[in-house]
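UniProt numbering puts the sequence shown at residues 1 to 317. Here a beta-carbon is modelled for each residue, glycine too, at the ideal position from N, C-alpha and C. The block underneath contains the structure these notes are about, expressed in structure tokens.
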Amino acid sequence: MPVYESIQWLLRSQQNNPPLYNLSLDEARRKFNEGASLMAGTREQVAKVVDRVIQVEDGEVNVRCYYPVSVTHEERLPAFVFYHGGGFVYGNIETHDVFCRLLSNRSKCIVISVDYRLAPEHKFPKATEDAYQAFLWAHKHAEELGINDTRIAVGGDSAGGNLAAVTAIKALERGAPSIAYQLLIYPVVDSAKIYPSYKENSEGYFLTAAEMKWFHEQYVEETIDPFNPHLSPLHSEHLADLPLTHIVTAHYDPLRDEGEAYAEKISQAGGRVSVKRYDRMVHGFISMTGVVPEAYTAVEELGEELRRVLYEESMVR
């Protein structure tokens, strides 16, 4: 089936735009942020928003906590630590603000959006450590933040999906507090292999294979082993012990096959995993809620799934 009509319109409207990587880094980031704002739509009201600055090993990282409406805040709530997409190069808390508000209200969870440091100024593994430290911060400050520390999930889209997956692996490797659940939305999980969907969807659907190559060059030094599980979580030895995992893919996306391969490998290792492909979607659809009605519906579905898992005792081990 073809992409949704509303997405076709978006694709046509942007087909003559030069690739962002042909611009200066500052200009590319500005354009990315502008595009994200235009596509995201109206900001939904939440109960409250709290901005914090957390200390990491050699710097600071901003986080934003979203509290849902229509819940009793006298009881501690589940939390979802979210890492935004943008190829490790673009994006920030603001580019995914609309998504986080919508997800918080639909899931009835506290969503903590992490403004990890970006490449090329901060190469791998800086972002992975920022992501991991943000999860530890949420757990350490759970009482102060009103969080149920046995119900903390992680997740992200694209590059952020990679950071969530790596955070779950690092938590196992380092004996950190348990992560209840991970939600990986069209994640980057294997830098060691080119999958068929890279060729099938190499261009014409927002994210291109050429952009992915450029992102990788900005993020990773040439000397880094592509099989490093903190870069390519699909190659981790800890897949059997991962928390309950849900992976979302889009049919018209270069990253489709590696996300689904990750689900298959987790399953083969004995882990608990589910996967859903959105057949008429493209990469980045969670950021299109203001212009693609089906994207809005999809994000609502993700929020409801997050709520179902984190509020149901039997779902979390």
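Residue j beta carbon less than 8 Å from that of residue i
{"i": "threonine 297", "j": "leucine 102", "result": "no"}
{"i": "serine 158", "j": "tyrosine 186", "result": "yes"}
{"i": "valine 89", "j": "phenylalanine 215", "result": "yes"}
{"i": "leucine 242", "j": "valine 309", "result": "no"}
{"i": "cysteine 109", "j": "phenylalanine 80", "result": "yes"}
{"i": "histidine 230", "j": "proline 125", "result": "yes"}
{"i": "alanine 153", "j": "alanine 180", "result": "yes"}
{"i": "residue 318", "j": "arginine 76", "result": "Because the chain spans 1 through 317 in this model, residue 318 falls outside it and cannot be assessed."}
{"i": "glycine 155", "j": "phenylalanine 206", "result": "no"}
{"i": "valine 46", "j": "tyrosine 67", "result": "yes"}
{"i": "proline 226", "j": "alanine 261", "result": "no"}
{"i": "lysine 123", "j": "tyrosine 195", "result": "no"}
{"i": "residue 335", "j": "tyrosine 252", "result": "Examination of residue 335 is not possible in this model, given that the chain is present from 1 through 317 alone."}
{"i": "histidine 235", "j": "serine 274", "result": "no"}
Residue burial classification, residue i (beta-carbon count within 10 angstroms, cutoff 16)
{"i": "glutamine 268", "result": "exposed"}
{"i": "tryptophan 9", "result": "exposed"}
{"i": "leucine 38", "result": "exposed"}
{"i": "asparagine 17", "result": "exposed"}
{"i": "aspartate 190", "result": "buried"}
{"i": "alanine 138", "result": "buried"}
{"i": "residue 358", "result": "Residue 358 is absent from the structure shown; the chain starts at 1 and stops at 317."}
{"i": "residue 319", "result": "The chain is shown from 1 up to 317; residue 319 falls before or after that span and cannot be answered."}
{"i": "glycine 85", "result": "buried"}
{"i": "glycine 35", "result": "buried"}
{"i": "methionine 1", "result": "exposed"}
{"i": "glutamate 129", "result": "buried"}
Per DSSP, cross-strand counterpart(s) of residue i
{"i": "serine 274", "result": "His246"}
{"i": "asparagine 62", "result": "Val53 and Asp115"}
{"i": "alanine 153", "result": "Phe80 and Tyr181"}
{"i": "lysine 48", "result": "Tyr67"}
{"i": "isoleucine 147", "result": "Leu77"}
{"i": "valine 282", "result": "Tyr252"}
Please go through the segment 220-256 and give each complete beta strand (DSSP E) segment of 3 or more residues, from N-terminal end onward.
-> 244-252
Whole beta strand (DSSP E) runs in the segment 76-131 with 3 or more residues, listed along the chain?
-> 77-83 and 110-115
Touching or not, the segment 192-210 and the segment 161-179, by the rule of three or more beta carbon pairs under 8 Å?
-> no
Determine, using beta-carbon pairs with one atom in the segment 84-99 and one in the segment 168-181, whether at least three such pairs fall under 8 Å.
-> no
Given 8 Å as the limit, is there contact between the segment 125-139 and the segment 55-62, that is, 3 or more CB pairs closer than that?
-> yes
Could you say if the segment 299-309 and the segment 36-53 meet the contact criterion of at least three C-beta pairs nearer than 8 Å?
-> no
Any alpha helix (DSSP H) of 4 or more consecutive residues that is wholly inside the segment 2-53 = 5-14 and 25-40
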